[in-house]
Structure formats: C-alpha cells, structure tokens
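Contents: one structure, followed by commentary.
Number of protein chains: 2
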Amino acid sequence: MSKIPPHAKKVFQGDVYEIYQWPQQMFDGTVKTFEVAKRLPGVSIIATHQDKIVILHQRQPNTDWHHTLPGGYMDKPGENPLEAAERELLEETGLKSEQIFHWKTYNPGGRLDSDLHFFIAPNCQKIAEQSLDGGEEIVVQFVDFEEFLEFAHHENFHSRSLIIEMLKAKLDPNHKNEFKKLIFKE
Amino acid sequence: MSKIPPHAKKVFQGDVYEIYQWPQQMFDGTVKTFEVAKRLPGVSIIATHQDKIVILHQRQPNTDWHHTLPGGYMDKPGENPLEAAERELLEETGLKSEQIFHWKTYNPGGRLDSDLHFFIAPNCQKIAEQSLDGGEEIVVQFVDFEEFLEFAHHENFHSRSLIIEMLKAKLDPNHKNEFKKLIFKE
Chain A
501 MSKIPPHAKK
511 VFQGDVYEIY
521 QWPQQMFDGT
531 VKTFEVAKRL
541 PGVSIIATHQ
551 DKIVILHQRQ
561 PNTDWHHTLP
571 GGYMDKPGEN
581 PLEAAERELL
591 EETGLKSEQI
601 FHWKTYNPGG
611 RLDSDLHFFI
621 APNCQKIAEQ
631 SLDGGEEIVV
641 QFVDFEEFLE
651 FAHHENFHSR
661 SLIIEMLKAK
671 LDPNHKNEFK
681 KLIFKE
Chain B
501 MSKIPPHAKK
511 VFQGDVYEIY
521 QWPQQMFDGT
531 VKTFEVAKRL
541 PGVSIIATHQ
551 DKIVILHQRQ
561 PNTDWHHTLP
571 GGYMDKPGEN
581 PLEAAERELL
591 EETGLKSEQI
601 FHWKTYNPGG
611 RLDSDLHFFI
621 APNCQKIAEQ
631 SLDGGEEIVV
641 QFVDFEEFLE
651 FAHHENFHSR
661 SLIIEMLKAK
671 LDPNHKNEFK
681 KLIFKE
C-alpha cells in the first residue's frame with residue numbers, strides 16, 4: 501500500500517476521514533503530489549453462541565437493510581480495538597465472550613489507509629439486552645456454520661475481506677475445518 | 501450504501517478525494533453529521549490476447565511490486581469510462597481491442613463512494629509500445645485462464661472485487677465456463 505510518510509501534511513480533518521498530501525519523487529526524478537485518505541479504524545466480530553454464528557440484519561439512516569457482522573468504527577477516544585470489539589458486540593447483541601481474541605487486521609491499502617480489526621468471540625453468553633443508538637435498527641440472527649458460509653453469495657452481505665475467507669473455506673475442506681475450529685474454539 | 505444527498509456540503513476538495521458532510525436525521529429524530537468520501541472513479545480491464553489474459557506486475561513510488569489488472573484512476577477531465585479504459589490499456593500494454601465492452605461497476609459503498617468500472621477487452625492486438633509515466637514500472641505478463649484464477653490466492657494481487665469473482669468461478673463449473681466465455685468472447 502501507499503504508506504503515508506512522516507513528512508506528509510494533513511490537509512483535512514473530519515469526523516471519519518483525514519486527508520494527507522505529500523510531494524512524492526517519481527522513478528524519473530520528477531515530483532508529484534500524492535494524496536491518501538486515512539479513515540477511522542473499525543472492528544468486526546465473528547461471535548458464536550452454542551453452535552451458531554451471529555449475523556446482524558440491519559439498516560442505518562439512508563442505507564437499505566443488509567447483513568453484517570457485529571462491529572463499527574472506533575470513534576470513542578482512548579478505546580483500543582479489543583475494548584471497541586467488546587463494546588460493539590455487547591451493545592448490538594447483548595452478548596459477551598470470555599475468550600474473545602484478535603484474528604487479523606485488514607487494510608485495503610492504495611489510496612485508502614483504513615484498518616479493519618477482526619475479532620473472534622467464541623462461546624458467548626447473553627449478559628444484557630441490546631442497547632442501540634438512534635442510528636441503528638438491528639435484528640440479531642443465529643446461523644449454523646454452513647449457512648454462514650452461504651452469506652458469501654448474498655448480494656447484501658457487505659464484508660468483502662470476510663467473503664474472500666468464506667469462499668476459500670468453501671473451496672478447500674482443510675481450510676474449512678480450520679476456519680470452523682478457529683471460530684468455535686473447539 | 502450511504503448515498504450522498506443533494507443538500508450535502510463539500511467540505512474538502514483534493515486531487516483524488518472530495519469529502520461531503522450533511523446533517524442526517526436518525527431513526528429517533530435526533531440529527532447527526534454524516535461524512536462520506538467520494539474518490540475519483542477508476543477503470544480496470546480484463547484484456548485477452550489470443551488464449552492468454554493480461555496481468556501487470558508493477559510498482560509505483562512507495563509501493564512494493566504487486567500484480568494488478570491494467571487500469572487506473574479517471575484523472576483526465578472530460579474522459580468517459582470507456583475512453584479511460586482504452587487509454588490505460590494502450591499506455592500500459594500497447595494493446596487495443598475492437599470489441600471492448602463495459603462488464604460491471606463496483607462501488608464499496610458505506611462511507612466511501614468510489615466507482616470502479618470493469619471492462620473486458622477481448623482479442624487484443626498489439627498496436628504500440630508501452631508508454632509509461634514517471635510513476636509507473638510495469639512488466640506485462642500473459643497467463644492462461646487457469647493461471648489467472650490462481651491469482652485469487654496470491655497475497656499481492658490487489659483487486660478484491662475481482663478475487664470474489666474468481667473464487668466463485670473456481671467453486672462452480674458453470675460459472676467458470678460462463679466467465680471464460682465472457683472474457684474470451686468465444
């Protein structure tokens with residue numbers, strides 16, 4: 501990816517985005533202005549309860565209903581990714597896992613610097629009611645592992661880095677077994 | 501996706517990004533500022549020459565070597581997607597197709613409004629030498645259809661929407677046949 505160098509200048513500060521520009525020397529010695537957007541990091545959680553995986557059916561103001569994993573932007577100052585993942589999972593589903601762990605961090609790279617931290621929350625217990633803010637309508641659904649993998653083919657499932665993992669699991673029985681073990685911490 | 505409404509205010513104009521903000525009414529009647537980045541649209545071309553598909557091995561200033569399809573941002577004023585696709589293909593590879601057509605447009609949605617227009621350029625002929633700018637180093641490679649699908653598993657192949665198509669083709673023989681026919685215009 502196009503890493504933002506230390507001498508880059510922040511030319512915009514918003515709520516979600518920062519824009520950086522810098523003079524970049526090209527291969528032929530000429531100099532061009534490069535521009536990269538840095539977006540608030542996000543968290544996304546694969547949570548399981550007994551033998552089921554949590555999928556949210558949700559809409560936000562000016563989006564249609566779509567399916568996602570629990571998660572959201574890290575917009576609370578001082579909160580680390582684990583804390584954000586635990587908070588989002590609890591608010592959106594009322595669930596908590598004593599075994600939650602960081603799985604991987606995805607960043608699209610190129611002109612967009614945006615970390616998405618994936619967590620796995622095995623063996624969740626329901627410890628509270630859902631607690632949504634005014635910008636969320638969320639129905640919590642529980643699906644088994646095979647149904648979960650089929651979400652890779654849903655038009656309205658919006659998690660491309662996860663879809664790639666799901667399709668790879670469908671292609672390779674060993675990968676599929678490993679993925680299932682990882683999620684359910686068997 | 502979070503569509504940018506007509507009353508949104510442009511709060512930043514850069515070379516690659518525009519940032520829009522607007523007051524969004526939430527489900528509970530409260531109002532929150534929403535922020536979306538609009539990025540220059542891009543084009544990406546699946547080009548074939550005889551029974552091979554064109555893959556670029558390239559690096560840009562401050563990126564590592566990686567594999568991509570021919571393509572780029574639409575940064576020439578007044579140019580439409582088809583013109584941009586023909587120009588990028590010609591500059592990066594020296595190839596031209598008389599049968600080039602628009603395949604699909606991908607937009608990640610959410611807080612990023614960024615059209616990526618995919619074109620298919622069957623039966624290309626070499627009509628010129630590669631003509632790169634100072635920010636490109638590109639080696640043109642030709643791979644057969646099976647090798648092409650394997651790029652879905654390469655760590656440094658950077659086209660997630662295409663990777664999803666490739667993995668789906670690998671999963672379903674019918675899908676695979678249709679995809680091959682589409683690309684080679686057989």
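Read top to bottom, the protein sequences are chains A and B.
Under the numbering used here, the residue at position 39 of the first sequence is numbered 539, and the numbers go up by one with no gaps.
Under the numbering used here, the residue at position 40 of the second sequence is numbered 540, and the numbers go up by one with no gaps.
Note that the Cβ used here is the ideal one computed from N, Cα and C, for glycine as well.
Among the options, the one whose alpha carbon lies nearest that of residue i
| i | options | result |
| --- | --- | --- |
| residue 543(A) | 685(A), 664(A), 622(A), 583(A) | 583(A) |
| residue 591(A) | 572(A), 604(A), 603(A), 580(A) | 572(A) |
| residue 554(B) | 645(B), 636(B), 511(B) | 645(B) |
| residue 538(A) | 651(A), 512(A), 545(A) | 512(A) |
| residue 613(B) | 653(B), 567(B), 541(B) | 541(B) |
| residue 557(B) | 652(B), 683(B), 672(B), 639(B) | 639(B) |
| residue 630(B) | 527(B), 588(B), 566(B), 505(B) | 588(B) |
| residue 685(B) | 507(B), 505(B), 547(B) | 547(B) |
| residue 527(A) | 527(B), 506(B), 559(B) | 559(B) |
| residue 505(A) | 504(B), 529(B), 562(B), 505(B) | 562(B) |
| residue 552(A) | 653(A), 672(A), 647(A), 671(A) | 647(A) |
| residue 672(B) | 653(A), 681(A), 682(A), 683(A) | 653(A) |
| residue 616(B) | 578(B), 579(B), 574(B) | 574(B) |
Interface flag, residue i vs chain A, CB-CB below 8 Å
| i | result |
| --- | --- |
| residue 526(B) | yes |
| residue 512(B) | yes |
| residue 677(B) | no |
| residue 533(B) | yes |
| residue 683(B) | no |
| residue 671(B) | yes |
| residue 705(B) | It is not possible to answer for residue 705(B), since the shown part of chain B is limited to 501 through 686. |
| residue 637(B) | yes |
| residue 605(B) | no |
| residue 523(B) | no |
| residue 620(B) | no |
| residue 548(B) | no |
Residues near residue i by beta carbon distance below 6 Å, same chain, minus five either side
| i | result |
| --- | --- |
| residue 661(A) | 606 |
| residue 534(B) | 522, 524 |
| residue 510(B) | 518, 520 |
| residue 618(B) | 544, 603, 604 |
| residue 585(B) | 543, 545, 619 |
| residue 664(B) | none |
| residue 666(A) | 649, 652 |
Beta bridge counterpart(s) of residue i as assigned by DSSP
| i | result |
| --- | --- |
| residue 524(B) | 532(B) |
| residue 660(A) | In DSSP, residue 660(A) forms no bridge with anything. |
| residue 609(A) | 612(A) |
| residue 512(A) | 519(A) |
| residue 567(B) | 557(B), 657(B) |
| residue 595(A) | 626(A) |
| residue 503(A) | The partner list for residue 503(A) (beta bridge, DSSP) is empty, contrary to what the question assumes. |
| residue 550(B) | DSSP output for residue 550(B) lists no bridge partner at all. |
| residue 617(A) | 543(A), 605(A) |
| residue 572(A) | 543(A) |
| residue 642(A) | 554(A) |
| residue 650(B) | Answer by DSSP bridge pairing: none, since residue 650(B) is not bridged. |
| residue 584(A) | Paired residues: none, contrary to the question. |
| residue 637(B) | 559(B) |
Chain B within 8 Å of residue i, Cβ atoms only
| i | result |
| --- | --- |
| residue 537(A) | yes |
| residue 516(A) | yes |
| residue 611(A) | yes |
| residue 660(A) | yes |
| residue 634(A) | yes |
| residue 668(A) | yes |
| residue 588(A) | no |
| residue 503(A) | yes |
| residue 562(A) | yes |
| residue 519(A) | yes |
| residue 555(A) | no |
| residue 545(A) | no |
| residue 600(A) | no |
| residue 593(A) | no |
Own chain partners of residue i with C-beta closer than 7 Å, once the 5 adjacent residues on each side are dropped
| i | result |
| --- | --- |
| residue 549(A) | 595, 624, 642 |
| residue 669(A) | 649, 675, 676, 679 |
| residue 706(B) | This structure gives no information on residue 706(B), because the portion of chain B shown stretches from 501 to 686. |
| residue 608(A) | 614 |
| residue 507(B) | 522 |
| residue 682(A) | 620 |
8 Å CB neighbourhood of residue i in its chain, flanking five on each side removed
| i | result |
| --- | --- |
| residue 531(A) | 523, 524, 525 |
| residue 564(A) | 656 |
| residue 611(A) | 502, 535, 536, 537 |
| residue 627(B) | 590, 594, 595, 596 |
Chain E contact for residue i (CB, 8 Å cutoff)
| i | result |
| --- | --- |
| residue 626(B) | Chain labels in this structure do not include chain E; the protein chains are A and B. |
Residue i: CB within 7 Å of a non-hydrogen atom of the ligand GTP
| i | result |
| --- | --- |
| residue 635(A) | No copy of the ligand GTP occurs in the structure displayed, which carries no ligand at all. |
Review point. Given 8 Å as the limit, is there contact between the stretch 621-635 of chain A and the stretch 593-603 of chain A, that is, 3 or more CB pairs closer than that?
Key: yes
Check your understanding: Is the stretch 512-522 of chain A in contact with the stretch 626-640 of chain A, if contact means three or more CB pairs nearer than 8 Å?
Key -> no
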